[in-house]
Amino acid sequence: MTHVVSEACIRCKYTDCVDVCPVDCFREGPNFLTIDPDECIDCAVCIPECPVSAIYAEEDLPKDQQHMTAINAELARLPGWKSITKRKDPLPDHEEWKDRTGKLSELIR
Numbered sequence: 013m014t015h016v017v018s019e020a021c022i023r024c025k026y027t028d029c030v031d032v033c034p035v036d037c038f039r040e041g042p043n044f045l046t047i048d049p050d051e052c053i054d055c056a057v058c059i060p061e062c063p064v065s066a067i068y069a070e071e072d073l074p075k076d077q078q079h080m081t082a083i084n085a086e087l088a089r090l091p092g093w094k095s096i097t098k099r100k101d102p103l104p105d106h107e108e109w110k111d112r113t114g115k116l117s118e119l120i121r
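Just so you know, we're using the numbering used here here: the sequence shown kicks off at 13 and counts up by one.
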């Protein structure tokens, strides 16, 4: 099992989670963070750090977010999605997006 970043992260990209990750399993894209399932050790320290509750243990992922398991794995392997290990500021319009749902169409790969 691994942890999964859900759609809640899209267009917010808070990076509080990367500071606590002991294995540097987060990858950064233009407007989303993903977890590399091959690197994640299932420690769960990232879950409480996310201000928008976007991170779940795979077995706890809400039904409407099940598709994000495959998306996390796919994006983590893209060459442009590099490891992120230090916190950065969220996206400039994060406040506008943090409470929205159904953001998959906004994901920039």
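We put the CB at the ideal spot given by N, CA and C, even for glycine.
Here the structure is a predicted model, which means the values were calculated and not measured.
Output the distance between the C-alpha atoms of residue i and residue j, rounded to the nearest integer angstrom.
i, j, result
"residue 27", "residue 98", "8 Å"
"residue 109", "residue 42", "15 Å"
"residue 101", "residue 54", "25 Å"
"residue 71", "residue 90", "24 Å"
"residue 92", "residue 74", "28 Å"
"residue 63", "residue 119", "19 Å"
"residue 79", "residue 88", "15 Å"
"residue 45", "residue 25", "6 Å"
"residue 96", "residue 65", "19 Å"
"residue 47", "residue 105", "23 Å"
"residue 13", "residue 22", "23 Å"
Assign residue i to one of two classes, buried (16 or more other C-beta atoms within 10 Å of its C-beta) or exposed (fewer than that).
i, result
"residue 17", "buried"
"residue 19", "buried"
"residue 60", "exposed"
"residue 57", "exposed"
"residue 32", "exposed"
"residue 49", "buried"
By the three-class DSSP mapping on this structure, what secondary structure does residue i have?
i, result
"residue 79", "coil"
"residue 117", "helix"
"residue 17", "strand"
"residue 47", "strand"
Between residue i and chain B, is there a C-beta pair that is closer than 8 Å?
i, result
"residue 75", "Given the protein chain composition of this structure (a single chain), no chain B is represented."
Cβ pair count under 8 Å reaching 3, the stretch 28 to 38 against the stretch 103 to 121: no
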